Amino acid sequence: MTQDYVCLLGTKGGPAVRPGSSLPTSNLLCLDGQTIVVDCALGVTKGLIDQGMQLRDLSLIFISHLHSEHYLELGPLLHTSWTSGLKTQVNVYGPAGLDAYWDGFLASMKADIDLRIEDEGRPDLRDLVTFHTIDAGHVMGQGDIAVSAIRTAHPPLVDCFAFSFKTARNHIVFSGDTAPIQALEDFARGADLLIHEAMLEAALPALLERVGNGSDRLMTHWLRSHSFAHDAARTAAKAGAKRLALSHLIPSDDPTFGPKDWQEACAGHYDGELIVGRDGLRIDL
């Protein structure tokens with residue numbers, strides 16, 4: 200039996216990339232022999248290759264919401280997988296509007312796609328990818344894997360989802376981007392692993408000074424649309440999650456703060472195993 204695991208391919212919150220920073224959000228979930236990609240930020244393709252995945256085997260992708268650091272590299276991942284030998288169907292599950300992104304990507308790459316079909320004998324990429332618009336509730340089932348979703352609190356977006364992947368042996372929940380909500384506590388009840396976004400409260404003023412746009416609107420967005428590390432810890436505790444992994448870290452690239460600060464922010468709020476995410480971290484299930 201193959202080992203089930205999650206790999207946090209990219210753990211940075213926000214779309215910007217700077218020298219020395221980690222990469223934005225993407226994940227690889229290996230469950231019951233099925234490889235599942237959850238979010239496709241910049242760097243997801245190399246991240247999958249670094250984990251030893253053959254891109255031609257890509258088959259199942261979930262996108263939590265339409266912020267660029269969650270789907271920017273979806274098109275390039277699909278195209279690169281195709282040029283790497285992909286010949287079989289890929290199913291992509293995500294919010295309404297994701298298919299419009301794909302249509303735009305295909306239009307931008309039409310000359311290349313048409314040329315490779317004619318010159319290299321490849322199957323038509325446009326026939327290999329199917330998009331499924333999701334809603335809260337049951338999303339899909341495949342073999343022993345059941346996938347469900349809930350809407351999270353991430354204004355101004357409405358179609359923003361947390362995902363639950365459940366088998367007879369494992370229950371893994373990805374929070375998506377969200378402010379603290381009781382619905383996530385119920386959704387992640389008894390999870391073996393909750394992967395939750397997190398902000399470090401003490402680090403936000405310096406981050407705003409470094410990357411802000413000259414107003415307080417970015418801070419307002421953070422405070423109404425995301426969760427502090429201690430919020431993630433409380434959610435995990437109330438859900439009875441066995442392990443908590445912090446990801447989508449805000450900030451992830453301030454050398455003033457490190458894993459100890461994240462651990463201290465969660466201290467007293469959660470007694471289970473706490474994992475502070477970093478790019479490429481593999482968590483065995």
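Just add 199 to wherever you are in the sequence shown, counting from 1, and you've got the numbering used here. In this text, a Cβ means the ideal position worked out from N, Cα and C, and glycines have one as well. Because the structure is a prediction, the values reported are computed rather than measured.
What's the C-alpha gap between residue i and residue j?
i, j, result
"glutamate 472", "leucine 443", "6 Å"
"serine 451", "alanine 435", "21 Å"
"serine 446", "valine 236", "15 Å"
"valine 346", "glycine 457", "33 Å"
"aspartate 483", "glycine 213", "26 Å"
"aspartate 318", "serine 283", "15 Å"
"glutamate 272", "alanine 464", "32 Å"
"leucine 230", "glycine 340", "13 Å"
"aspartate 298", "glycine 467", "43 Å"
"leucine 228", "aspartate 238", "11 Å"
"leucine 241", "leucine 222", "7 Å"
"arginine 328", "glycine 251", "It is worth fixing the name first, because residue 328 is valine in this sequence and not arginine. Near 22 Å, if we compare the C-alpha coordinates of glycine 251 and valine 328."
"asparagine 290", "leucine 356", "23 Å"
"isoleucine 262", "lysine 459", "30 Å"
Comparing alpha-carbon positions, which option in the options lies nearest residue i?
i, options, result
"alanine 306", "Ser221, Asp478, Gly274, Ser426", "Gly274"
"histidine 395", "Leu327, Val410, Leu407, Pro379", "Pro379"
"proline 404", "Ala390, Leu422, Ala387", "Leu422"
"alanine 402", "Ala382, Arg321, Trp461", "Trp461"
"threonine 377", "Ser363, Arg350, His425", "His425"
"aspartate 358", "Met252, Thr234, His264, Arg255", "His264"
"leucine 324", "Ala335, Ala367, Lys286, Arg477", "Lys286"
"methionine 418", "His429, Ala432, Met398, Ala428", "Met398"
"lysine 365", "Ala390, Phe427, Ala382", "Ala390"
"leucine 407", "Ala215, Asp478, Gly209, Gln202", "Ala215"
"proline 151", "Gln288, Asp415, Lys211", "What the structure shows of the chain is the stretch from 200 to 484, and residue 151 is not part of that stretch, so it cannot be assessed."
"alanine 348", "His269, Phe386, Leu276, Ala440", "Phe386"
"aspartate 478", "Asp203, Ser220, Thr201", "Ser220"
"serine 280", "Gln253, Glu400, Phe427", "Gln253"
"tyrosine 292", "Thr201, Arg388, Thr455, His269", "His269"
Please classify residue i as buried or exposed, where buried requires at least 16 other C-beta atoms within 10 Å of its C-beta.
i, result
"valine 205", "buried"
"histidine 337", "exposed"
"valine 475", "buried"
"glycine 246", "buried"
"isoleucine 487", "For the chain, the structure presents residues 200 to 484; residue 487 sits outside this window and is missing."
"proline 294", "buried"
"histidine 429", "buried"
"arginine 409", "exposed"
"glycine 209", "buried"
"threonine 351", "buried"
"leucine 420", "Reading the sequence as shown, one finds histidine at residue 420 and not leucine. Classification of histidine 420: exposed, given that the 10 Å Cβ count is below 16."
"leucine 314", "exposed"
"alanine 367", "exposed"
"glycine 375", "buried"
DSSP three-state label for residue i, please.
i, result
"tyrosine 292", "strand"
"serine 333", "At residue 333 the sequence reads isoleucine, which differs from the serine that was named. Coil, per DSSP."
"serine 307", "helix"
"isoleucine 371", "strand"
"lysine 245", "helix"
"leucine 265", "coil"
"alanine 466", "coil"
"alanine 352", "coil"
"arginine 442", "strand"
"arginine 325", "helix"
"threonine 511", "Nothing in the structure corresponds to residue 511, since the chain is present only between 200 and 484."
"arginine 217", "coil"
"glycine 209", "strand"
"glutamate 272", "coil"
"serine 280", "helix"
"alanine 299", "helix"
- request: Let me know the beta strand (DSSP E) ranges lying completely inside the region 365-440, each 3 residues or longer, listed in chain order.
  value: 370-373, 392-398
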